[in-house]
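Protein chains in written order, with the numbering used here: chain A, 185 to 390; chain B, 935 to 1128.
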């Protein structure tokens, strides 16, 4: 409904002005801003694979990063080195990194096995009833959600970077979207594109 | 927008998956195939039966067909006289669901050589075997006992050269009549959609 009205307004404006660039730019920016403003993370409390309790809002961090995980997903395995690097790059800078497992199939024991086999050194929050994953609009693994704990706004929701896809792996990423979003959050800013489609393993939500 | 999602009503508890030990009798099943026939494990006594969990919605299953690795194993299985049953666990409305006609078209398009393409819409076979992943394999030996469960190979798309095809190794060991060198591995890929 909202989108339709915006589109109609945009096309009307386009017809009247006939200046694509000038008219479209503000419309797009407004739509993006509305999307960001609508995304505020609710508080939640989940236990991790070591049975440690995590409450999202109980943090001193300046940025909180949540990464969706599922056992046996090749994409998660492929981005692990990049995630480890991200964690190391922001060590001591007040950035909290958490993983989120919303798979109905992965028991705590399974998650412990996966973490051990792949040396995953992140708390993996066990979203057993899928509530948290659903609230964030999670669809796949390897989605990176960057939040600003001052406002609990979601600054970014998308892939860590553009290095890994289903079909190929580049030697290096050309875009470091998650790192850019963390930088923006630490600087109290937003990012131009807050949501991107992630290539990851589909999580079966009920 | 995502956060505006209302708390859902109580959902049905996830029915746990069974786990079948290697060497334990393979769970019996009977399911409708894309060919319009029912296929039961008891239809194939004294034969090696290869159960391939598959999904048309899984990128990692697609990779194995695209590279021809899966078809290569199917050819080998046929030569050995093994039964190959692809199993699609997915109800109507789920991404992995196929109609019989769609399943037949898929088998033809991929050049898959299978004894049957079975539908498991209620997840009964998947739960009985504990199938979690596509692609993944359960191989039933001639004695009706579970001989192998796990991944197709170690080539999950990570860096470095991968060399082991566990299913092919299982075929070698079964053909030679010796115990399997690796009867159990951890599969990789997509979640089976119960």
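Glycine residues also receive a C-beta, built at the ideal position from the N, C-alpha and C atoms.
Every value quoted in this text rests on a predicted model; they were computed, and no experiment measured them.
With respect to chain A, the C-beta atom of residue 1120(B) has a partner C-beta closer than 8 Å.
A distance below 7 Å between beta-carbons, with the five flanking residues on each side excluded, links residue 949(B) to the following residues of its chain, in chain order: 1061. The DSSP assignment places complete beta strand (DSSP E) segments of no fewer than 3 residues inside the region 949 to 973 of chain B at 964 to 966, in order along the chain. Counting the other CB atoms within 10 Å of its CB gives residue 1045(B) a total below 16, which places it among the exposed residues. Around residue 267(A), the same chain offers 251, 281, 306 and 344 as residues with beta carbons nearer than 8 Å, after the five sequence neighbours per side are excluded. Taking 8 Å as the CB threshold, residue 1097(B) stays off the interface with chain A. Relative to residue 341(A), the option among 328(A), 261(A), 293(A) and 271(A) whose CA is nearest is 328(A).
Residue contact check for residue 1060(B) against chain A: no CB pair falls below 8 Å. About 31 Å separates the beta carbon of residue 314(A) from that of residue 352(A), a gap too long to meet the 8 Å contact definition. The three-state secondary structure of residue 382(A), taken from DSSP, is coil.
The beta carbon of residue 258(A) falls within 8 Å of a beta carbon belonging to chain B, placing the residue at that interface. Within chain A, the residues placing a beta-carbon under 7 Å from that of residue 1067(B) are 256, ordered along the chain.
Using a Cβ-Cβ cut-off of 8 Å, residue 387(A) counts as an interface residue toward chain B, since at least one Cβ of chain B sits closer than that to its own. Against residue 287(A), the close residues of chain B are 1125, in the order they occur along the chain (beta-carbon pairs closer than 8 Å).
Counting along the chain, the unbroken beta strand (DSSP E) around residue 285(A) starts and ends at 279 to 285. Looking only at 382(A), 360(A), 317(A) and 349(A), the smallest Cα-Cα distance to residue 225(A) is reached by 317(A). For residue 1082(B), the three-state secondary structure derived from DSSP is strand. Here DSSP, grouped into helix, strand and coil, assigns residue 1128(B) to coil. In the DSSP assignment, residue 229(A) falls within the unbroken beta strand (DSSP E) covering 229 to 231. Of all residues in the region 349 to 368 of chain A, only 350, 351 and 353 come within less than 9 Å of chain B when Cβ atoms are compared, listed by chain position.
Between the alpha carbons of residue 371(A) and residue 360(A) lies a gap of roughly 16 Å. Burial check for residue 325(A): the Cβ neighbour count within 10 Å reaches 16 or more, so the residue is buried.
Contact between the region 1077 to 1094 of chain B and the region 966 to 973 of chain B is not established, with fewer than three Cβ pairs separated by less than 8 Å. Only those residues of the region 1090 to 1115 of chain B whose C-beta falls short of 8 Å from the nearest C-beta of chain A are listed: 1090, 1091, 1092 and 1093.
The alpha-carbon of residue 227(A) is positioned some 32 Å away from that of residue 1122(B). A straight-line Cα-Cα distance of about 53 Å links residue 277(A) and residue 1041(B). Under the Cβ distance rule, residue 347(A) does not count among the residues neighbouring chain B, no pair being separated by less than 8 Å. If you compare the alpha carbons of 1092(B), 1006(B), 1066(B) and 1071(B) with that of residue 952(B), the shortest gap goes to 1066(B). With at least 16 other beta carbons inside 10 angstroms of its own, residue 998(B) counts as buried. As a beta-bridge residue in DSSP terms, residue 1021(B) pairs with 987(B) and 1052(B). Residue-level contact by beta carbon holds for residue 262(A) and chain B, with a gap shorter than 8 Å. Going by DSSP, residue 340(A) is part of the beta strand (DSSP E) stretching over 337 to 342. Interface with chain A (8 Å Cβ-Cβ cutoff): residue 1034(B) is excluded. For residue 239(A), the enclosing beta strand (DSSP E) has its first and last residue at 237 to 239. For residue 994(B), the C-beta contacts it makes with chain A under 7 Å involve 258, in order along the chain.
Under DSSP, no beta-bridge partner is assigned to residue 1003(B).
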